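Enquirer:
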Amino acid sequence: MTNADIAAAFEHVADLLEYRGDNVFRVRAYRTAARTIDSLVEPLASVRADATRRLTDLDGIGADLAGKIETLLDTGRLPMLEDLEREVPAVAFDLMRVPGLGPKKAKALVDALAIESLAALEDACREGRVRGIKGFGAKTEAAILENLAFAADPDRARLLWSEADEIATRLLEWLRGCPAARQVEAAGSLRRGRETVGDLDLLVTSDEPVAVMDRLVAWPETADVLLRGDTKTSIRGPRGVQVDLRVVPAESFGAALQYFTGSKEHNVRLRGRARDRGLSINEYGVSHLDAAGEALPAARLSGRTEEEFYAAVGLPWIPPELREGRDEILLAEGGQLPRLVTLADVRGDLHMHTTATDGEDTLTDMVRAAVDRGLAYVAITDHGQRVTMAHGLDRRRLLAQWTEIDRLNESLAAEGPPPIVVLKGIEVDILEKGGLDLPDEVLAGADWVVASLHYGQNQPRERITARIIEAIENPHVAVIGHPTGRLLNRRPAYDVDLEAVIAAAARTGTFLEINANPWRLDLDDRQAAAAKAAGVKIVISTDAHSTRGLDVMRCGILQARRAGLEAKDIANTRTLAGLKKLMKKR
Ligand SMILES: [Zn+2]
Ligand SMILES: [Zn+2]
Numbered sequence: 056m057t058n059a060d061i062a063a064a065f066e067h068v069a070d071l072l073e074y075r076g077d078n079v080f081r082v083r084a085y086r087t088a089a090r091t092i093d094s095l096v097e098p099l100a101s102v103r104a105d106a107t108r109r110l111t112d113l114d115g116i117g118a119d120l121a122g123k124i125e126t127l128l129d130t131g132r133l134p135m136l137e138d139l140e141r142e143v144p145a146v147a148f149d150l151m152r153v154p155g156l157g158p159k160k161a162k163a164l165v166d167a168l169a170i171e172s173l174a175a176l177e178d179a180c181r182e183g184r185v186r187g188i189k190g191f192g193a194k195t196e197a198a199i200l201e202n203l204a205f206a207a208d209p210d211r212a213r214l215l216w217s218e219a220d221e222i223a224t225r226l227l228e229w230l231r232g233c234p235a236a237r238q239v240e241a242a243g244s245l246r247r248g249r250e251t252v253g254d255l256d257l258l259v260t261s262d263e264p265v266a267v268m269d270r271l272v273a274w275p276e277t278a279d280v281l282l283r284g285d286t287k288t289s290i291r292g293p294r295g296v297q298v299d300l301r302v303v304p305a306e307s308f309g310a311a312l313q314y315f316t317g318s319k320e321h322n323v324r325l326r327g328r329a330r331d332r333g334l335s336i337n338e339y340g341v342s343h344l345d346a347a348g349e350a351l352p353a354a355r356l357s358g359r360t361e362e363e364f365y366a367a368v369g370l371p372w373i374p375p376e377l378r379e380g381r382d383e384i385l386l387a388e389g390g391q392l393p394r395l396v397t398l399a400d401v402r403g404d405l406h407m408h409t410t411a412t413d414g415e416d417t418l419t420d421m422v423r424a425a426v427d428r429g430l431a432y433v434a435i436t437d438h439g440q441r442v443t444m445a446h447g448l449d450r451r452r453l454l455a456q457w458t459e460i461d462r463l464n465e466s467l468a469a470e471g472p473p474p475i476v477v478l479k480g481i482e483v484d485i486l487e488k489g490g491l492d493l494p495d496e497v498l499a500g501a502d503w504v505v506a507s508l509h510y511g512q513n514q515p516r517e518r519i520t521a522r523i524i525e526a527i528e529n530p531h532v533a534v535i536g537h538p539t540g541r542l543l544n545r546r547p548a549y550d551v552d553l554e555a556v557i558a559a560a561a562r563t564g565t566f567l568e569i570n571a572n573p574w575r576l577d578l579d580d581r582q583a584a585a586a587k588a589a590g591v592k593i594v595i596s597t598d599a600h601s602t603r604g605l606d607v608m609r610c611g612i613l614q615a616r617r618a619g620l621e622a623k624d625i626a627n628t629r630t631l632a633g634l635k636k637l638m639k640k641r
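Residue numbering for the sequence shown follows this note's numbering, beginning at 56 and increasing consecutively.
Structure follows, in structure tokens:
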């Protein structure tokens, strides 16, 4: 345990005590101690080891705190902190990490609005419910909304891809409204579809760069101008995101787009390949090298489009999602680039919730929204009874929902071929002690069973792995939902031997999910690629809890593309008959 670890533990204690409404002096004692320890150059362990000194000699450290420091040094844990953590609802930790929300405000939010997640807080802000709480106001509400994105990552908040995409979409539209701007594109990790995005990199071609820069600065959402130049301007936009806009000549647009799309690893490999061929590449284009290895500016080959640019180094165009410096250049060279799955390939969505549990919209609304999105089939998969927080379904309520689905399917088919088929599904819970929260004889009546792990996420690796593999071996379980349980910027994956899970899925013909929720994207790109390599079919599902939740399918598609998946690797690109054929026998 370093001084910083111990200081952080005391800070945490102070937060939790304050949240609980403890004595202010007690709270302050922990904060003072944390500050003392944090500013101490010498490690606490050596102060303690020194026989001539005592921990209590340190400013603000009494006998009680000294004892706690010793416990932390000896065991790496603090039982008192663990007790406090159990007492305070989990969401409080998330809330307190939102800049501007201390323990008191977090508590006020939980008490007044029964906030259960950062997403719920965001909704409450948008709906104007926060400003009414005592001590809050419209300004605080707006500030919270802005700071939410930074809540989870104390170092450097990266936006979720979907959040970055929303901002970029608005900004690109604004820039395209500038008569001086010709081509306007986003590059960077946003274009590569990475799950989180740091900065936004935009490229514009124009004969009047100044006018384009003016337009960016005049964007109503520009909060701050960081740098103003002739070819590059940087601003801070909403949620503190940095936007770098570069104006490039039209003959270099493809080269610049390639260069600023990255990744760094991809570009390094590409440069090496170019050098081997006597070429030099940079953001302006491809040039020949002279005998001394210097680029000959006069001999520029190409750079107008990315296709030309890649062709100049002997490669077909490589989709941005694959440009991570893994094996994409080898595949491109061998003509073996995958034909990546697209949103249009998706025929069904096999994981969604309704008002029967924690969804916001009814069964009928969800199905109607799925028809509007052109889907041929959906599975309704509300939570099983273990998820008490979401009012999970017991046998009786589940069977009632299935009767409702039967009726809905009948009415959909009343006037000719139905626009959509609704599958009777369930998201069963993988119980802490093993097994599922609904018996096999109930599951046998389902068309589609998602099994997910929501509880006991802190169990050791062997336990969690065994629980999931047991679910995989259940003949009724079609797919494992969000297989690692991570929540981006909020919660790491639980400890699971994913290799063993993938092997079990392959052996039994169980699908694994790419959960398309932008907070989850679980499996991630590498894991999904590993599943494919093992012969496991993937299901991309939205896990929608509202009709608009169905729109996140594209985020799942991006993740699948980053994994190099093709339509044939994804079970829900099949027709319903095709899907059924692919499902394991039971
Ligand atoms: Zn779930
Ligand atoms: Zn779900």
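Don't be surprised by glycine CBs; every beta carbon is placed ideally from N, CA and C.
A quick note: this is a predicted structure, and the numbers were derived from the prediction, not measured.
Could you work out which residue in Asp461, Gln313, Ile222, Gln514 is closest to Glu276 when comparing CA atoms only?
Expert: The shortest Cα separation from Glu276 among Asp461, Gln313, Ile222, Gln514 belongs to Ile222.
Enquirer: Mapping the DSSP letters down to three states, classify Gln391 as helix, strand or coil.
Expert: coil
Enquirer: Taking the alpha helix (DSSP H) that Lys160 belongs to, which residues open and close that run?
Expert: Note, Lys160: alpha helix (DSSP H), 158-168.
Enquirer: With burial defined as no fewer than 16 other Cβ atoms inside 10 Å of the residue's Cβ, what is the status of Ala104: buried or exposed?
Expert: exposed
Enquirer: Listed in chain order, which residues are found with a beta carbon closer than 5 Å to a heavy atom of ligand 2?
Expert: Glu482, Asp598
Enquirer: Let me know the secondary structure DSSP gives Tyr85 once reduced to three states.
Expert: helix
Enquirer: Please report the straight-line C-alpha distance between Glu388 and Arg381, rounded to a whole angstrom.
Expert: 13 Å
Enquirer: In angstroms, rounded to a whole number, what distance separates the CA positions of Asp114 and Pro144?
Expert: 33 Å
Enquirer: What is the DSSP secondary structure of Ser335, reduced to helix, strand or coil?
Expert: strand
Enquirer: Can you tell me which of the three DSSP states Leu576 falls into?
Expert: coil
Enquirer: If you drop the 5 nearest sequence neighbours on each side, which residues of the same chain put their C-beta closer than 8 Å to that of Leu136?
Expert: The answer, listed in chain order, is Ala64, His67, Val68, Leu71.
Enquirer: For Arg423 and Leu478, I'd like the C-alpha separation in whole angstroms.
Expert: 14 Å
Enquirer: Using CA coordinates, which residue listed in Glu487, Ala469, Arg546, Pro515 is at the minimum distance from Ala526?
Expert: Glu487
Enquirer: If you draw a straight line from the C-alpha of Glu142 to the C-alpha of Glu528, how long is it?
Expert: 36 Å
Enquirer: Take every Cβ of the stretch 548-558, pair it with every Cβ of the stretch 601-610, and state whether three or more of those distances are shorter than 8 Å.
Expert: Touching, no, given that fewer than three Cβ pairs across the two stretches are closer than 8 Å.
Enquirer: At what residues does the alpha helix (DSSP H) containing Trp457 begin and finish?
Expert: Here the alpha helix (DSSP H) through Trp457 covers 450-467.
Enquirer: How is Phe80 classed by DSSP in three states: helix, strand or coil?
Expert: Phe80: helix per DSSP, three-state reduction.
Enquirer: So for Trp274, helix, strand or coil by DSSP?
Expert: coil
Enquirer: Can you tell me whether Lys287 is helix, strand or coil according to DSSP?
Expert: strand
Enquirer: Over the uninterrupted beta strand (DSSP E) stretch that includes Ala506, give me the two end residues.
Expert: Here the beta strand (DSSP E) through Ala506 covers 503-507.
Enquirer: Could you name the residues that DSSP lists as bridge partners for Tyr432?
Expert: Gly403, Val476
Enquirer: For Ser318 versus Arg378, is the C-beta distance shorter than 8 Å?
Expert: yes
Enquirer: Going straight from the alpha carbon of Ser507 to that of Pro494, what length do you get?
Expert: 15 Å
Enquirer: Opposite Val594 in the DSSP bridges: which residues?
Expert: Glu568
Enquirer: Applying the 10 Å Cβ sphere with the 16-neighbour rule, what's the burial state of Gly633?
Expert: Label assigned to Gly633: exposed.
Enquirer: CA-CA distance, Asp624 and Ala588?
Expert: Approximately 10 Å between the Cα atoms of the pair.
Enquirer: Are Thr410 and Asp416 close, meaning C-beta to C-beta below 8 Å?
Expert: yes
Enquirer: State buried or exposed for Gly190, treating a residue as buried only when at least 16 other CB atoms are found within 10 Å of its CB.
Expert: exposed
Enquirer: Going by DSSP, what residues sit across from Asp484 in a beta bridge?
Expert: Looking at the DSSP assignment, Asp484 forms a beta bridge with Ser507.
Enquirer: Nearest-angstrom Cα distance between Glu361 and Ala235?
Expert: 23 Å
Enquirer: Would you kindly report the start and end of the unbroken alpha helix (DSSP H) that includes Thr195?
Expert: 193-202
Enquirer: For His67, name the three-state secondary structure that DSSP assigns.
Expert: Correct three-state label for His67: helix.
Enquirer: Is the beta carbon of Gly232 sitting closer than 8 Å to the one on Ser244?
Expert: Not closer than 8 Å, so no.
Enquirer: Going by C-alpha to C-alpha distance, which of Val532, Asn570, Val401 sits closest to Ala626?
Expert: Val401
Enquirer: State buried or exposed for Asp279, treating a residue as buried only when at least 16 other CB atoms are found within 10 Å of its CB.
Expert: exposed
Enquirer: Considering only residues of the same chain and omitting the five flanking positions on each side of Ile61, which have a CB-CB separation below 7 Å?
Expert: Taken in chain order, the residues that qualify are Ile92, Leu99, Ile124, Leu127.
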